[in-house]
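Going by numbering that gives the first Met the number 0, 200 is the number at position 201 of the sequence shown; the sequence numbering is gapless.
Report on the following structure.
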Amino acid sequence: MFPISKQAASRSSLHRIRIVNSLSKTNNFFSGTRPNHYLIRQMHSLPPIGKTFSVALVQLGYIGENKAKNLKHARLKISEAVRPSVNPGCNNNSSKPDIVVLPEVFNSPYSSKHFDKYAEVVGWHESKRDLWNLKRCPSESIKMLSSAAKEENVWIFGGSIPERSPENPRIIYNSSPVFSPDGKLVALHRKLHLFDIDIPGGITFKESETLSPGQSPVTVVETPFGKIGLGICYDIRFPEMGIIATRKGCIAMIYPGAFNLTTGPLHWELLQRARAVDNQIYVITCSPARDPQSDYQAWGHSSIIDPMARVVSTTDETESIVYGIVDFDEIVKARTNIPILNQKRYDVYPDIGSLVEL
Numbered sequence: 000m001f002p003i004s005k006q007a008a009s010r011s012s013l014h015r016i017r018i019v020n021s022l023s024k025t026n027n028f029f030s031g032t033r034p035n036h037y038l039i040r041q042m043h044s045l046p047p048i049g050k051t052f053s054v055a056l057v058q059l060g061y062i063g064e065n066k067a068k069n070l071k072h073a074r075l076k077i078s079e080a081v082r083p084s085v086n087p088g089c090n091n092n093s094s095k096p097d098i099v100v101l102p103e104v105f106n107s108p109y110s111s112k113h114f115d116k117y118a119e120v121v122g123w124h125e126s127k128r129d130l131w132n133l134k135r136c137p138s139e140s141i142k143m144l145s146s147a148a149k150e151e152n153v154w155i156f157g158g159s160i161p162e163r164s165p166e167n168p169r170i171i172y173n174s175s176p177v178f179s180p181d182g183k184l185v186a187l188h189r190k191l192h193l194f195d196i197d198i199p200g201g202i203t204f205k206e207s208e209t210l211s212p213g214q215s216p217v218t219v220v221e222t223p224f225g226k227i228g229l230g231i232c233y234d235i236r237f238p239e240m241g242i243i244a245t246r247k248g249c250i251a252m253i254y255p256g257a258f259n260l261t262t263g264p265l266h267w268e269l270l271q272r273a274r275a276v277d278n279q280i281y282v283i284t285c286s287p288a289r290d291p292q293s294d295y296q297a298w299g300h301s302s303i304i305d306p307m308a309r310v311v312s313t314t315d316e317t318e319s320i321v322y323g324i325v326d327f328d329e330i331v332k333a334r335t336n337i338p339i340l341n342q343k344r345y346d347v348y349p350d351i352g353s354l355v356e357l
């Protein structure tokens, strides 16, 4: 299998736009109009749009209570990630990666008692994204990530940070920023599903004691490699996000996350492989490294999973950099050989994607 040509991709894109426009006219869940299943199947039968790219996952360690040190260390590891040959711990000594991914809450200890103290105002509004100005942003973490993306000329999916709402300082989100190689903040996903669990003899954690949930069902990032969906940690447990992202044309989902020693061994890899094979996309996760001295013990094992649920690259619990390739051919091959996306029976069961604007 080979990537489709630019001309074919352009034709496919135009065809997709026509189908989406038709769907928007015929499919209105709230007015009771039934979705046009023929058009939906047509859209899913089109070849995906994208190309092969490389990824570096920075499984960051030494995240302590000194934010300045955390940011300095993260910046150092970003530099190492884009220069694989200088880092003997890398599992790939080839060329510079196209995308660098950081872990969840990389600038702060992962703890409800720390989120308020470490929260930063970003001032991002999706509807006013063109008006956002880095110079007016007081966030130290955002400034570091922006300069790193620009200086290293690389896409950075910046893990996540506690973000304080500028409108209401009592509202704090767990937010994942994305930067293009020119240092521009192009997207920000606010964790949709808060991590509230109570496992007797295992772990009790309630993000809702401090954090508020986001309201976007999935954040889609437009990159030169294709559309990439973005979720955070606990979001991966909810298959709806991956379904919606795939309907929107995503070829990969990225989840910075910090699973623990109770749920990590059981569910971390399982959920990644499930989301990948459900939607025939790549799933990319980045965890903090495990710190034996920390109150919260991260599972680690940052990974890249392909559309057939194969583990492309992974690591253990220690600080490390994981390299891997998102091979566009594998997406095309999976969808050609097992065409589940255009075999769905939306005439029998509800279509989640129809509830969200395409």
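Just so it is clear, CB atoms sit at the ideal spot from N, CA and C, and this is done for glycine as well.
Residues bridged to residue i (per DSSP)
i	result
C249	K226
P255	C285
G323	V54
F204	I196
T313	S302
P161	N173
I155	V99 and F178
Top-ranked residue by Cα proximity to residue i, from the options
i	options	result
V321	G49, R82, E64 and P47	R82
I253	T245, W267, I227 and F237	I227
P238	S138, V282 and A147	V282
P255	L187, G248 and A67	L187
P161	I196, K247, R334 and K116	K116
N259	P165, P306 and D197	D197
V310	S126, K68, A273 and S159	A273
E208	K112, Y61, R236 and P291	K112
E139	N152, G157 and Q296	G157
F114	P96, V347, D346 and G63	G63
N173	F52, L130 and Y233	Y233
K66	D181, V104 and Q292	V104
T262	L133, F204 and R246	F204
Spatial distance of residue i from residue j (CA atoms)
i	j	result
K190	T284	15 Å
I231	N106	15 Å
C136	N336	48 Å
K76	G201	32 Å
A244	P46	16 Å
Q342	E268	26 Å
T25	L354	With a pLDDT of 49 at T25, under the threshold of 50, the modelled position of that residue is not reliable, and no figure is offered here.
Y109	K71	18 Å
T317	L340	37 Å
A147	A288	21 Å
A257	I170	22 Å
F28	V325	At F28, the pLDDT of 44 sits below 50, so the modelled position is not reliable; the number obtained from the coordinates is stated separately. So the alpha carbons of these two residues sit roughly 35 Å apart.
N- and C-terminal bounds of the beta strand (DSSP E) containing residue i
i	result
F178	I171 to F178
F52	F52 to Q58
I98	I98 to V100
Residue span of the alpha helix (DSSP H) that contains residue i, given as start and end
i	result
H366	Nothing can be reported for residue 366, as the shown portion of the chain is limited to 0 through 357.
A67	K66 to A80
T335	F327 to N336
E268	E268 to N278
I141	E139 to E151
F237	Premise fails: F237 is in no alpha helix (DSSP H) and is neither H nor E.
F105	Note, F105: premise wrong, no alpha helix (DSSP H); not H, not E.
H113	S111 to Y117
Test: residue i CB closer than 7 Å to a CB of chain B
i	result
Y281	No chain B appears in this structure, which consists of one protein chain only.
Cβ-Cβ separation, residue j to residue i (assumed contact under 8 Å), whole Å
i	j	result
K50	F224	6 Å
A55	A80	4 Å
V271	I304	The amino acid occupying residue 271 in the given sequence is Gln; Val does not appear at that position. About 5 Å separates the two Cβ atoms, so the contact holds.
E221	R163	Their Cβ separation, rounded to whole angstroms, is 27 Å, which puts E221 and R163 out of contact at 8 Å.
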